[in-house]
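A quick write-up on the structure given underneath.
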Amino acid sequence: MTSIQERLYPDLPCFGCGHANADGLKLRSYPGDDGVVTATFTPWPAHDNGLGYLNGGIICTVLDCHSAAAVMREADARGWRPLGDAALSYVTAGLDVRYLRPSPLHEPVELRAVVTEASEARMTVDVSLVWDGKIRAEASALWKRWRPRP
Numbered sequence: 019m020t021s022i023q024e025r026l027y028p029d030l031p032c033f034g035c036g037h038a039n040a041d042g043l044k045l046r047s048y049p050g051d052d053g054v055v056t057a058t059f060t061p062w063p064a065h066d067n068g069l070g071y072l073n074g075g076i077i078c079t080v081l082d083c084h085s086a087a088a089v090m091r092e093a094d095a096r097g098w099r100p101l102g103d104a105a106l107s108y109v110t111a112g113l114d115v116r117y118l119r120p121s122p123l124h125e126p127v128e129l130r131a132v133v134t135e136a137s138e139a140r141m142t143v144d145v146s147l148v149w150d151g152k153i154r155a156e157a158s159a160l161w162k163r164w165r166p167r168p
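To convert, note that position 124 of the sequence shown is 142 in my numbering; the numbers rise steadily by one, no gaps.
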């Protein structure tokens, strides 16, 4: 199955979700029948926080980029295409991250995202990083419609 990122924005150079970035994470997110968008992310040894756990900045990046997949999928389903020559229809306007417990550095983690509010002007997504059946970090992401300036 083709991921949301590969289907909707394959040429994006974003570090977290862009498949056109040779040094990036190349996150792959998939829609579920229940409205939940999921992904599996396997950290690299370089993502160490210095204590043997997943770095908080990397956690923030994958939460942001995974929420992007949920937003872009929703926008695509509603026909809200990118405006002008923009690569994406929405951009992150806010990300409120809560770190709840350490996340493993050497094992895959699961990402889950649900669009909780959607209008053409803005979307809100609840997104979480889960390992061993427990939420390790969660965020509320606010996305706003990208309107290129002339």
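Here a beta-carbon is modelled for each residue, glycine too, at the ideal position from N, C-alpha and C.
Query	Result
Suppose you measure from the CA of G151 to the CA of R130; what does that come to, to the nearest Å?	12 Å
Classify G97: buried if its beta carbon has 16 or more other beta carbons within 10 angstroms, exposed otherwise.	exposed
Do D144 and V132 have their beta-carbon atoms positioned less than 8 Å apart in this structure?	yes
Assign G112 to one of three DSSP states: helix, strand, or coil.	strand
Going straight from the alpha carbon of Y71 to that of D82, what length do you get?	19 Å
Please report the residue range of the beta strand (DSSP E) in which R154 lies.	152–163
Roughly how many angstroms separate the alpha carbons of E125 and P168, rounded to a whole number?	46 Å
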